[in-house]
Amino acid sequence: MTDDDLSRLDRRHATVLQIETAIGIAPLIVGAIVAELVLGWPTGIVIGPIAVVALALILSLPMRRYRRKGYATTGDRLRYVQGWIRHSDTVVPFGRVQHIDVKQGLIERWFGLATLVVHTAGMHNASVAVPGLSRQTAVDIREAISARIRRETM
Amino acid sequence: MITLPPRPTAIDDPEAFRRTDSLSMLVGTITQLRRAILPVVALSFGASTRDVGTGIVLAAALLAIFVLPPLGAFLQWHFTRYRTGAEDIRIERGVLSREARSIPYERIQDVSMSETLFSRLFGLVEVRFETGSGGKDDLTLSYVTRPEGQRLRDLVRERRDDVPTGACSGAQESESDSEGVPIFTMALPRVLLSGVFSFSLVIFAVLFAIVDQFDFLMPFDIWDKDVWEQLASEQGARIQSLGRLAQFWGALVAVIMLVLVGIASGVAKTLLRDYGFRLDRTAKGFRRRRGLLSRTDVVMPAHRVQAIATETGVIRRLFGWHSLSFVSLASDGAKASHEVAPFAKLNEIARIAAEAGIPLPADGIAWHRTSPRFWIDRAAFWLLAGTVAAIVATWLGQPLSAVAIVCVGLILAGLSLPGYLQHRHATEGGRIQGRAGLLAPHVMIAPQVRLQSAELRQGPIARLRGYAALHFGLPGGRLSFRGLPTDEALALRAAVLARIDAVDYSDLPR
């Protein structure tokens, strides 16, 4: 099993991550604006640097995170790889899946994306979430896992 | 009681999406109303202490009572729909974030129905589909009519009965499962001996807690420092007048008393718990009976045993005593695993383990150690952290703290050596074995086919230095290996996954 088997998540997932990062950073920018207004400093002296940092974060960090993520469904196994500092590489055999969720957050819905969550009986990795799949892909994987579970227990 | 005409969809096509009963909006409204009461009270109270316009408060209260609960209940009802398909039950819910959940019939352990006071008034039930995920992620449908709940339950049972039967819920088996063959019993002397080894000073904690609860009954205030100082000075003067020898004997007697109390409380605790311990091998699994005052009778189907674990203590190991427990999805009181032999010789344990189909590791088994680099890096980390903290402390003018910090850092770094020595693992005949502990080793043995998932974790340093952590998903237990050499971790994972592919055991906890 090498990293070559991994497929990238949907391209739009990077945009979703950027929007989420932007929402996370928003309080900082608001804080900067308020600070500048309250202290009466010249416009841009605080907002400027912070905006530059925020923009850099929003543009680069989510892209890096996106590139580190990958998934594979070959060989009747679901594999999900993510992260660099906290790199994890998780494999769940289809035959071990208890039940399956296809979730769509608000932002994901705008972009037609979904998060696939498979639940296992284990205490560790009781649920494994694969974000950033197109809704159709998520549903297809769900059907594949369902079919496999059905086939095995027959 | 209001009777509504039957909704046509339910009859025409049983596989079509349908909504929960419309009356559940009413129940939902009442439930949400109850939740709204406290905030409304708090709001009006808060408003009365400040000068907020009465009109605004009134509007907010009206909104919270008459508009939000019905609206919320309606949205919840309108956006929740479910479908019973040929292979699974689908439930979709959520207004803004949608969630579509699918549960294959094979994975549903049981269907339970519960009623609240209000749902009962309208003849509605909440249906809960229990899966193996331990209650947290169970799927619930609230609310449907009782006949519909019954239909869902029958449907699930019917679909599941296509699958080989014979393994039903463990709790109900105890009556029908007749006497088996005893494979492990503990006679009274053994129970008492086991009590001696479970030396415990917890009695002092209990006494202290009782004193704390009832301190108003005491003739003095136990939290008052002066009382103790006075006591110490009075008694201290007496002790000093006694002479060396008497002081020594006094101290010895005190220590012996402490030990005796510890042993006595250990024996009492063990006697209460393990009196008449008996483990039977029955047709379907194991049955354990024990207890003096409250006797417990637990049945564990053999196919539910996910892994076994042996433990021992430093002293009791010298005498050859170990304990054995089964790891399973069902929980044993507060403990996650079932104790099946609390105090036994290794040959007895080996027999029980063999009965469970998970034999103990063979004598000549090749144990693998973890990567030394992992422990070196850990030691280096603590040394570095200790040094940095010490420098900061010195800079702040706290040389004494700096010394203490350095000591702590050295100790934490030094722990790497026993850490390296005590962690071992091995695979043998489709089983994976982890062992930790030097003087009192505990061993966990899990058949590879029982594992549910495998995760490899690595930080940047671990990647650079070539080691990784491997976590396996085990129902009811934890099986993790830290600091494995990367190639070994990858090989182990590949081996386990290959075994899992061969057999499907995921419907085991039934």
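Just so you know, the sequences run in chain order Y and E.
If you're matching positions, the first sequence starts at 1 in full-length UniProt numbering and goes up one per residue.
If you're matching positions, the second sequence starts at 1 in full-length UniProt numbering and goes up one per residue.
Idealized CB from N, CA, C, for every residue including glycine.
So which residues on chain E does Ile29 of chain Y lean against when the C-beta distance must stay under 8 Å? Using a Cβ-Cβ cut-off of 8 Å, Ile29 of chain Y is close to nothing in chain E; its nearest Cβ partner there is about 25 Å away.
Cα-Cα separation, residue 511 of chain E to Phe277 of chain E: Past the boundaries of the shown model lies residue 511 of chain E; chain E is included only from 1 to 510, so the question cannot be answered.
Using three-state DSSP, classify Gln32 of chain E as helix, strand or coil. Per DSSP, reduced to three states, the secondary structure at Gln32 of chain E is helical.
What are the boundary residues of the beta strand (DSSP E) that His119 of chain Y is part of? 113-120
N- and C-terminal bounds of the alpha helix (DSSP H) containing Glu115 of chain E: Taken as a continuous stretch (DSSP letters only), Glu115 of chain E belongs to no alpha helix (DSSP H), as it is neither H nor E.
Identified DSSP bridge partners for Gly477 of chain E: Answer by DSSP bridge pairing, in chain order: E:Leu474.
Below 8 Å on the Cβ atoms is my contact criterion, and I expect Phe374 of chain E with Gly483 of chain E to pass it. Report the Cβ-Cβ distance as a whole number of Å. 3 Å
Indicate whether the contact test is met: 3 or more Cβ pairs, each with one atom in the segment 448-457 of chain E and one in the segment 280-287 of chain E, closer than 8 Å. With the cut-off at 8 Å, the segment 448-457 of chain E and the segment 280-287 of chain E do not touch.
For Lys69 of chain Y, does the count of other Cβ atoms within 10 angstroms reach 16, so buried, or fall short, so exposed? buried
Please list the terminal residues of the continuous alpha helix (DSSP H) segment that includes Ser416 of chain E. 416-422 is the extent of the alpha helix (DSSP H) around Ser416 of chain E.
For a contact meaning CB atoms closer than 8 Å, what does Ala129 of chain Y contact in chain E? Going along chain E, no residue has its Cβ under 8 Å from Ala129 of chain Y, so there is no contact; the nearest lies around 12 Å.
So if DSSP puts Tyr467 of chain E in a beta bridge, which residue, or which two residues, is it bridged to? E:Pro485
Residues in the segment 89-102 of chain Y having any Cβ partner in chain E nearer than 8 Å: Asp89, Thr90, Val91, Val92, Pro93, Gly95, Arg96, Val97, Gln98, His99, Ile100, Asp101, Val102
Is it the case that the Cβ atoms of Glu428 of chain E and Pro361 of chain E are separated by a distance below 8 Å? yes
So, helix, strand or coil for Glu126 of chain E, using DSSP? strand
Own chain, CB closer than 6 Å to Val298 of chain E, minus 5 neighbours either side, in chain order: Arg288
Tell me, please, whether the segment 18-35 of chain E touches the segment 75-90 of chain E by the rule of three or more beta-carbon pairs shorter than 8 Å. yes
Return helix, strand or coil for Ser401 of chain E, following the three-state DSSP convention. helix
Assigned exposure category for Pro93 of chain Y - 16 Cβ within 10 Å defines buried: buried
Is DSSP giving Met300 of chain E helix, strand or coil here? strand
State the DSSP-derived secondary structure class of Ser325 of chain E, mapped to helix, strand or coil. DSSP places Ser325 of chain E in strand when its eight states are reduced to three.
Which of the three DSSP states, helix, strand or coil, is assigned to residue 168 of chain Y? Residue 168 of chain Y is absent from the model: chain Y starts at 1 and stops at 154.
Is residue 593 of chain E close to chain Y? Criterion is C-beta to C-beta, closer than 8 Å. Residue numbering for chain E in the displayed model covers 1 to 510; residue 593 of chain E lies beyond these limits and cannot be assessed.
Counted within 10 angstroms of its Cβ, other Cβ atoms place Leu497 of chain E as buried (16 or more) or exposed: buried
Return the first residue and the last residue of the alpha helix (DSSP H) that Val392 of chain E is part of. 372-395
For the segment 451-467 of chain E, list every residue whose C-beta sits within 9 Å of some C-beta in chain A, in sequence order. Absent here is chain A; the protein component of the structure consists of chains Y and E.
Limits of the beta strand (DSSP E) - the one that Thr70 of chain Y falls within: The identity of residue 70 of chain Y in the sequence shown is Gly, whereas the question assumes Thr. Its beta strand (DSSP E) spans residues 70-72.
Pairwise C-alpha distance: Asp363 of chain E and Leu318 of chain E: Answer to the nearest angstrom: the Cα atoms are 18 Å apart.
Relative to the C-alpha of Leu188 of chain E, which residue among E:Arg273, E:Thr370, E:Gln230, E:Ile352 is closest? E:Arg273
I'd like the list of long-range same chain contacts for Ala402 of chain E, defined as Cβ closer than 7 Å, with 5 residues on each side in sequence excluded. Closer than 7 Å at the Cβ level, and outside the excluded window around Ala402 of chain E, lie Ala390, Ala393, Thr394.
For the structure I just gave you, are there three or more beta carbon pairs, one from the segment 75-85 of chain Y and one from the segment 14-27 of chain Y, closer than 8 Å? no
Mind checking Ala446 of chain E: buried by the 16 CB within 10 Å criterion, or exposed? buried
Does Thr131 of chain E come out as helix, strand or coil in the three-state DSSP assignment? In the three-state reduction of the DSSP assignment, Thr131 of chain E falls in the coil class.
So, with DSSP's three-state summary, where would you put Ala495 of chain E? helix
Would you report the Cα separation of Leu88 of chain E and Ile145 of chain Y, rounded to the nearest angstrom? Before going on, a small fix: residue 88 of chain E reads as Asp here, not Leu. In a straight line, the C-alpha of Asp88 of chain E is about 12 Å away from that of Ile145 of chain Y.
Taking a contact to mean a Cβ-Cβ separation below 8 Å, would you say His124 of chain Y touches His471 of chain E in this structure? yes
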